[in-house]
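Here is the structure we will look at, set down as structure tokens.
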Amino acid sequence: MVPQAERMNTSAANALLKTLEEPPSACVFILSTDNAQRLLPTIRSRCEAWPIAAPTQQAACDWVSQQLNKEVSPRVAYLCQSEPLVMKAFIEQGHEKVFNGLLESFIQVVISGQTDVSSLMTSLVKSDVAVDVQLSWLWLVLVSAQKQALGVTDDTTISEAKKLASHFDYQTLFLQAQALAELKQQLSVSSGLNTELLVTNWLYSF
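Residues 104 to 309 (my numbering) are what the sequence shown spells out, left to right.
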């Protein structure tokens, strides 16, 4: 299984191509991608394409609700990109509670002007949920807030997004989301960085 196959660099793609040209017996390679056009044409020509449509938010919620025998909110689907198995794990591992606590602390800091970020830092650093995952949740909240600020949606899946949109203009929300994406990238490539310091600086830049 090769997930996100479109992200392979040239060396990896060429190595895979050589293997596909002379595959071992009784072996099947499965490449998954959101953008098949980014794969080398020579790789695409040697593969059988099976387009699989992503489930709708409602379909994902219905399936997870049946599996867990409990109602699943669109909020969970949004945070998990409507991926049913990710949603199921999100609920089973108690991540919804972690997200709610994180978001509450985030709103208090950026809207209420609370200078004490210890509660938010505790949620980020001490939680069982990886920091990059929690930062991804906040990024999605900011994306929702940007849509609210532009008036392109009335979606209330993340109700707190409306608070952000009423407090900050679109430009600020866009720049903060961009800065957060860059921060996530920094943390992913260098484990020696001070996470608390970098996140605190980002928060105060609001």
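Ideal Cβ placement from N, Cα and C applies to all residues, glycine included. These figures come from a predicted structure and were not determined experimentally.
Worksheet item: Terminal residues of the continuous alpha helix (DSSP H) containing V220?
Response: Unbroken run through V220: none, as it is neither H nor E.
Practice prompt. Can you tell me the Cβ-Cβ gap for F202 and L223, rounded? I've got them flagged as a contact below 8 Å.
Written response: Incorrect: roughly 13 Å between the Cβ atoms, too far for contact.
Worksheet item: If you follow the alpha helix (DSSP H) that F309 is part of, which residue opens it and which one closes it?
Response: No alpha helix (DSSP H) holds F309; DSSP gives it neither H nor E.
Worksheet item: Name the DSSP bridge partner or partners of V105?
Response: L134
Worksheet item: What residue does the alpha helix (DSSP H) around C164 start on, and which one ends it?
Response: 160 to 171
Worksheet entry | 7 Å Cβ shell around F277 - same chain, five flanking residues per side excluded | Q249
Item to complete: Would you mind sorting K126 into buried or exposed? The rule is 16 or more other CB atoms within 10 Å of its CB.
Response: Correcting the residue identity first, residue 126 is Pro in this sequence and not Lys. With fewer than 16 other Cβ atoms within 10 Å, it is exposed.
Worksheet entry | Start-end ranges of the alpha helix (DSSP H) lying completely within the segment 197 to 236, minimum 4 residues | 198 to 213, 221 to 229
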